[in-house]
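By the numbering used here, the letter at position 93 of the sequence shown is numbered 371, and the numbering carries on one by one without gaps.
Even glycine gets a Cβ: it sits at the ideal position worked out from N, Cα and C.
Since the model is a prediction, treat every value here as computed from it, not as a measurement.
Take a look at the structure below.
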Amino acid sequence: MIKSELVQRIAAANPHLFHRDVERIVNVIFDEIVGALSRGERVELRGFGAFTVKHRAAREGRNPRTGASVSVAEKYVPFFKTGKELRDRLNAPSKEA
């Protein structure tokens, strides 16, 4: 699902809201998550999961094509850990059997 599909589904489920308002709400939520992660904070959505930022130290890597050593700079990467409720729903036995 992409962001525009998310906005459409939320708007369809809430006909009393204008589409532009739903889009603005979704954008504000995503902007707040990004802002918190950029400040190094943890974002937890109960039942869904938690977003954190992990630090990757600088290291020596290899170019897979040539095998030459390559210096890889330190970086911060986003990390998502699913919540128990989401994990349980994903791993629930299928009702189609």
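By DSSP's assignment, Glu310 forms no beta bridge with any residue. In this structure, the CA atom of Pro371 is about 30 Å from the CA atom of Ser282. Ala335 and Phe357 have their C-alpha atoms roughly 15 Å apart.
In the displayed model, His333 falls within a strand according to three-state DSSP. It is roughly 29 Å from the alpha-carbon of Val331 to the alpha-carbon of Ala346. Between the beta-carbon of Gly361 and that of Phe326 there is about 5 Å, and that keeps the pair under the 8 Å contact cut. With contacts defined by Cβ atoms closer than 9 Å, Val312 and Val300 do not form a contacting pair. Non-local C-beta neighbours of Glu310 in its own chain, meaning closer than 6 Å and more than five positions away in sequence, are absent.
In terms of CA proximity to His333, Ala351 leads the group Arg302, Ala351 and Ala314.
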